[in-house]
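Notes follow the structure.
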Amino acid sequence: MNVTRFAPSPTGYIHLGNVRSAIYPYLIAKQGKDGRFILRIEDTDQSRYVEGATDLILETLTWLGLDWNEGVKKGGEHGPYYQSERRDIYHAYARKLIRAGRAYADPTPPAEIDKYRKADAAKKIPFLYRNHRPASADTPTTTDDTAWQPGIPLRFKSEPKSVKWHDEVMGDLETGPEVMDDIILIKKDGLPTYNFAHIVDDYEMRVTHIVRGVEYLSSMPNYLAIYEALGIEHPKFVSLPHVLATQGNKKLSKRDGAKSVIDYKDEGVLKEAMLNYLACLGWNDGTEQEIYTKEELIEKFQISRIQSSGARFDEVKLLWQNGQWIRKIFDENGVDELYDRTVSRDEASLKSHEMNPERDSLINFWPASAADYDETYQKQVLSIIYDRLKTLSDLKNYTTYFFEDPRIDLAFLQNNKFIKKLSETEQRDLLSAVIEKLQDETDWSAAHLQDTLNDLLTQTNRKPAELFSLIRIALSYADFSPALHLTMNVLGKDRTLARLNATRSAIVNDL
RNA sequence: GGUUCCGUCGUCUAGUGGUCUAGGACGUCUGGUUCUCAUCCAGAAAAUCGCGGGUUCGACUCCCGCCGGAAUCACCA
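According to numbering that gives the first Met the number 0, the first sequence holds residues 0 to 510 in order.
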């Protein structure tokens with residue numbers, strides 16, 4: 000049974016660089032029987048608290064389908080799940096350490112500590128607080144836990160020694176005694192530091208795997224020392240390498256403009272594609288599979304196959320995967336399912352909106368003029384256009400001419416590489432022939448339209464590129480459109496003829 | 001500066017001593033489909049496996065050194 004957690008601090012949104020530390024623990028928890036995925040909010044630094052951040056985090060997880068079994072908004076037997084509400088638990092553990100002679104109250108003012116730090120820097124020796132440990136830390140009363148009261152910082156009393164440990168991703172690691180130090184356990188405000196709080200919480204919540212970024216690796220010796228002093232077993236450690244920014248060689252960070260995961264939702268990226276791409280950034284199952292459902296990821300994910308080097312974020316590949324997923328959903332679930340996504344009416348969108356109604360997350364990806372048409376018509380449009388979408392927001396650019404008459408632009412028409420070979424007279428005559436033929440059509444089905452277009456080809460003795468481009472542009476004035484017979488079928492006879500006539504008149508006027 | 005981690009096509013990666021004249025995917029380029037764009041299909045270019053030693057009959061794979069990049073050294077997480 001695996002128990003994992005995602006434990007963000009409410010200081011802002013979840014960006015692409017840190018969402019893997021939610022995805023991987025989720026996958027690990029879902030493997031095997033009775034696993035639990037816990038969501039814990041690490042809000043011990045009140046100065047960095049950002050209003051609304053928790054809601055945004057919840058919404059992101061909900062959207063991606065990383066539902067937690069236990070934690071914030073859900074409860075569970077190991078709560079509370081906000082660290083700020085667990086003060087008494089930390090204090091109890093802290094007193095245990097004091098009684099064991101492994102923690103001491105430290106009244107040294109910050110200014111004093113700063114002096115030590117600068118002095119060591121001047122001497123070019125590494126700053127270690129244990130070299131400046133106050134004498135009171137070693138007095139005989141040190142194991143008396145009443146000697147410390149909240150209001151004074153509590154420090155760990157470290158014992159320099161080398162440590163070896165195993166990391167599930169990085170392998171066997173070891174460091175020398177020079178990194179062990181007297182770290183702060185409880186701050187002046189009575190709240191614990193991350194360094195102490197997560198150890199207590201993970202133990203109390205029976206967490207089996209700690210999944211977090213490699214930046215914590217350098218603190219491991221101190222953590223290990225605390226586990227030992229507390230006399231508790233430590234969970235398995237899974238250190239995730241960084242996600243690098245597209246440019247440069249830096250880890251992706253908010254400072255450098257890393258985007259929020261949820262922003263991609265608003266830009267028309269499917270949750271499946273997001274999960275798929277992110278899970279496979281720095282992990283693969285050894286096969287050549289590229290597209291994975293959430294269920295496949297749960298089934299195939301292996302900690303041992305997580306890459307130990309950093310991976311660069313590549314938005315182009317994310318968009319390719321999104322295109323794959325758009326087609327996959329249409330092909331497997333049909334137009335209704337895909338349509339629901341385009342109006343944010345699918346389960347994931349509704350749930351994430353419910354999680355965070357404050358944010359305007361109910362996005363309609365259609366052009367504004369689509370509102371004049373009913374759902375059935377929109378679905379027809381979607382059915383012939385879906386396979387060229389990279390994101391749902393492409394609908395805005397690709398489909399307007401299905402909802403409003405395009406502005407006639409003869410320059411655009413005549414710039415076309417096939418049309419420019421025809422004189423305006425030829426263009427006019429061709430359009431006349433097309434209009435005449437189509438006027439008499441009673442069967443406007445796509446299949447029949449294809450036949451009619453073929454007839455026109457032989458009748459006019461034109462190349463498809465010439466005839467079809469002319470019709471296509473007259474109908475859409477767009478850089479591209481779906482196959483002609485499908486476009487005409489969806490537009491309907493009246494509008495098709497009206498647009499052909501309009502362009503023909505414009506050409507006649509121009510002559 | 002101390003400590004630690006990482007290093008295969010532009011990018012994500014396969015590769016656990018011989019099957020690697022290094023495989024796949026994205027991207028790029030070329031060609032194919034009764035139009036365009038996209039899809040799809042076929043093909044191409046693209047990695048002296050960071051560098052130098054060693055071990056071995058044989059190294060991308062094991063060892064050592066170096067170089068390069070990154071992370072971390074808070075009463076932040």
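Ideal Cβ placement from N, Cα and C applies to all residues, glycine included.
Taking the alpha-carbon positions, what's the residue i to residue j distance?
i      : j      : result
Trp319 : Thr10  : 31 Å
Pro220 : Ala136 : 21 Å
Asp265 : Thr43  : 31 Å
Lys163 : Phe236 : 13 Å
Phe155 : Pro79  : 25 Å
Glu465 : Arg471 : 10 Å
Ser504 : Ala410 : 15 Å
Lys29  : Phe36  : 8 Å
Ile297 : Tyr291 : 10 Å
His241 : Glu289 : 21 Å
Ile151 : Lys114 : 19 Å
Lys462 : Phe479 : 18 Å
Pro356 : Tyr12  : 16 Å
Arg101 : Val71  : 32 Å
Asp200 : Gln82  : 8 Å
Asp119 : Thr142 : 30 Å
Arg116 : Pro108 : 13 Å
Ser252 : Leu469 : 50 Å
Arg214 : Tyr338 : Reading the sequence as shown, one finds Glu at residue 214 and not Arg. Whole-angstrom Cα-Cα distance: 42 Å.
Tyr222 : Asn130 : 19 Å
Gly51  : Ser259 : 14 Å
Pro481 : Arg39  : 48 Å
Tyr400 : Tyr476 : 8 Å
Would residue i and residue j qualify as a contact pair, given that the criterion is a beta-carbon distance under 9 Å?
i      : j      : result
Leu474 : Leu456 : no
Ile384 : Tyr397 : yes
Tyr193 : Glu41  : yes
Thr53  : Ser351 : no
Ile198 : Tyr226 : yes
Asp404 : Ala497 : yes
Gln426 : Leu412 : yes
Ala93  : Phe195 : yes
Arg86  : Asp144 : no
Arg358 : Glu58  : yes
Val210 : Ser20  : yes
Gly309 : Gly333 : no
Pro176 : Lys160 : yes
Using a Cβ-Cβ cut-off of 6 Å (strictly less than) and excluding sequence neighbours within five positions of residue i, which residues of its own chain qualify?
i      : result
Pro7   : Ile56
Thr245 : Phe312
Tyr25  : Phe36 and Leu65
Leu127 : Asp180
Ala33  : Reading the sequence as shown, one finds Asp at residue 33 and not Ala. Closer than 6 Å at the Cβ level, and outside the excluded window around Asp33, lie Met0.
Pro106 : Ile151
Leu361 : Ser343 and His352
If you drop the 5 nearest sequence neighbours on each side, which residues of the same chain put their C-beta closer than 7 Å to that of residue i?
i      : result
His484 : Ala445, Leu448, Gln449 and Leu452
Phe329 : Leu337 and Tyr385
Give the range of the beta strand (DSSP E) segment to which residue i is assigned.
i      : result
Asp166 : Val162 to Asp166
Ala103 : Correcting the residue identity first, residue 103 is Tyr in this sequence and not Ala. Per DSSP, Tyr103 belongs to the beta strand (DSSP E) from Ala102 to Ala104.
Arg211 : His208 to Gly212
Leu448 : Element bounds for Leu448: not the beta strand (DSSP E) but the alpha helix (DSSP H), Ala445 to Thr459.
Thr525 : The structure shown does not extend to residue 525, since the chain is modelled only from 0 to 510, so the question has no answer here.
Leu184 : Ile183 to Ile185
Phe155 : Leu153 to Phe155
Phe402 : Taken as a continuous stretch (DSSP letters only), Phe402 belongs to no beta strand (DSSP E), as it is neither H nor E.
Arg35  : Arg35 to Leu38
Which same chain residues end up closer than 8 Å to residue i when comparing Cβ atoms and leaving out the 5 residues on each side of it in sequence?
i      : result
Lys249 : Leu243 and Asp255
Leu216 : Asp166, Met169, Leu172 and Ser238
May I ask which residues mark the beginning and end of the alpha helix (DSSP H) holding residue i?
i      : result
Ile198 : Tyr193 to Glu203
Thr10  : Per DSSP, Thr10 belongs to no alpha helix (DSSP H) and is neither H nor E.
Ser238 : Looking at the DSSP string, Ser238 is not in any alpha helix (DSSP H); the run it does join, the beta strand (DSSP E), is Lys235 to Leu239.
Ile515 : Summary: the structure shown does not reach residue 515, with the chain confined to residues 0 through 510, and so no result is reported for it.
Arg98  : Arg86 to Arg98
Ile56  : Ala52 to Leu63
Ile22  : Arg19 to Lys29
Val489 : Leu483 to Leu490
Trp324 : Glu314 to Asn332
Gln413 : Leu409 to Asn414
Val49  : That residue, Val49, is in no alpha helix (DSSP H); it is neither H nor E in DSSP.
I'd like to confirm something about residue i: is its beta-carbon nearer than 8 Å to some heavy atom of the ligand SAH, or not?
i     : result
Ile40 : Judged by which ligands are present, the structure shown has none, so any question about the ligand SAH falls away.
At least 3 beta-carbon pairs within less than 8 Å: the segment 300–317 vs the segment 345–363: no
The segment 167–186 in contact with the segment 71–85 per 3-pair CB rule at 8 Å: no
Are the segment 119–137 and the segment 199–210 touching, with three or more C-beta to C-beta distances below 8 Å? no
Any chance the segment 388–403 sits against the segment 321–334, with 3 or more Cβ pairs inside 8 Å? yes
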